[in-house]
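What follows is a set of notes on a single structure, which appears directly below.
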Amino acid sequence: MVYNTLHNRWLRLVIAVLGALISAAALNLLIVPLGLYTGGLMGLCQVIRSLLQTYLGVSLGSFDLAGTLYFLINIPILLFAWKTLGRGFVVRTLICTVSYSLFYSIIPIPSQPIIDDMLTACLLSGIITGLGSGIILTCACSSGGLDVVGLCLAKRRNDITVGKFSLAFNILLYLGCLFLFSPEVTIYSVIYNFFTATVLDRMHQQNISVQAMVFTRGDEDEMAHYIITQLGRGVTFWNGTGAYTGETVHVLFVCLSKFEIEELRHVVRSFDPHAFLVIQEGVQVDGNFMRRLS
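Each residue of the sequence shown is one higher than the one before, counting from 0 in numbering that gives the first Met the number 0.
Structure (structure tokens):
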């Protein structure tokens, strides 16, 4: 069921919009009432919103100006990503960005914090926000902002992840918050963003490199050809000998992302239901290894 869902573009889009709703709800219900600031582009928009309200008196009542600013700033970012990430991804991201901006603007902000303890609120909201953002990225979409820029960089360099790039940007953002707001607000905002980035990197399956070894007595040439042509991944194979049976077994080795593992399982089982599959996650891959969004 998970395999079919993640490989159906319309179901993925629906789930991605749901992820945008989860992220926006966690932000508005748990973080904004405490006067804290999220990271990334939305955090920057929140800071600009606060400055406009404080020094220029600009306010749209119950309608949060930060959501509108977020959408407007995303327009040049999406134009920048059009060539690198492709038209399909940009269109899906536009839908998720509109949804996220809308949810953020219309979800009511409680007059009093739902969770009074700042650390507990940061932990819980960080987990929920990271979960929602991770769902969006796993569905080969994005809610815009720094995720798009981070994905462009991650696609070009293996040592960059979306979470790491967001943390680097947020160092500068929170240094600005330290001068503009109280140290307490800045510190707890950093804690919240740390939890968010950590969960995000674990949820973003395309960001997790995996090595897989397939042991089969089937046709290794045909299986390798399918993996190369359909998954677009290189394969190395050799012959081994089963110590118990003494029979020849074919061993296929391939590196891919965690997102592609379910498809690999599907392929292997279709060729050989009795194949033995060994998977190791979180390996470091260097050299000619392409990161993909889907």
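Every residue gets a Cβ at the ideal spot worked out from N, C-alpha and C, and that includes glycine.
Bridge partners of residue i, per DSSP?
| i | result |
| --- | --- |
| residue 249 | 215 and 238 |
| residue 210 | 254 and 279 |
How should residue i be labelled, buried or exposed, when 16 other C-beta atoms within 10 angstroms of its C-beta is the threshold for buried?
| i | result |
| --- | --- |
| residue 243 | exposed |
| residue 135 | buried |
| residue 238 | exposed |
| residue 96 | buried |
| residue 87 | exposed |
| residue 148 | buried |
| residue 187 | buried |
| residue 37 | buried |
| residue 280 | exposed |
| residue 0 | Bear in mind that a pLDDT of 45 at residue 0, under 50, signals an unreliable position, so the number given afterwards is only what the model happens to contain. With fewer than 16 other Cβ atoms within 10 Å, it is exposed. |
Which residue's Cα is closest to the Cα of residue i: the options?
| i | options | result |
| --- | --- | --- |
| residue 40 | 171, 222, 20 and 228 | 171 |
| residue 130 | 17, 251 and 265 | 17 |
| residue 112 | 33, 73 and 106 | 33 |
| residue 146 | 124, 126, 169 and 127 | 169 |
| residue 271 | 235, 220, 278 and 233 | 220 |
| residue 274 | 280, 241 and 44 | 241 |
| residue 150 | 183, 82 and 49 | 82 |
| residue 193 | 55, 163, 85 and 52 | 163 |
| residue 133 | 64, 251, 196 and 234 | 196 |
| residue 117 | 255, 264, 268 and 191 | 191 |
| residue 124 | 267, 100, 26 and 44 | 26 |
For the region 216 to 223 against the region 244 to 256, do three or more pairs of beta-carbon atoms, one drawn from each stretch, fall closer than 8 Å, so that the two count as touching? Yes: the two stretches touch, three or more of their Cβ pairs being nearer than 8 Å.
Length at least 4, wholly inside the region 104 to 163: the alpha helix (DSSP H) runs in chain order: You should have 117 to 137 and 145 to 155.
Report yes or no: do three or more beta-carbon pairs, one from the region 71 to 78 and one from the region 223 to 232, lie closer than 8 Å? A contact is defined here as three or more CB-CB pairs under 8 Å, and the region 71 to 78 fails this definition with respect to the region 223 to 232.
Does the region 75 to 84 come within contact of the region 103 to 117, defined as at least 3 CB pairs closer than 8 Å? A contact is defined here as three or more CB-CB pairs under 8 Å, and the region 75 to 84 fails this definition with respect to the region 103 to 117.
What are the uninterrupted segments assigned as alpha helix (DSSP H) that are 4 or more residues long and contained completely in the region 20 to 88, given in chain order? As far as the region 20 to 88 is concerned, its whole alpha helix (DSSP H) runs of at least 4 residues are 39 to 50 and 64 to 84.
Using 8 Å as the threshold, is the region 119 to 133 in touch with the region 170 to 184, meaning 3 or more CB pairs across them? No: the two stretches stay apart, fewer than three of their Cβ pairs being nearer than 8 Å.
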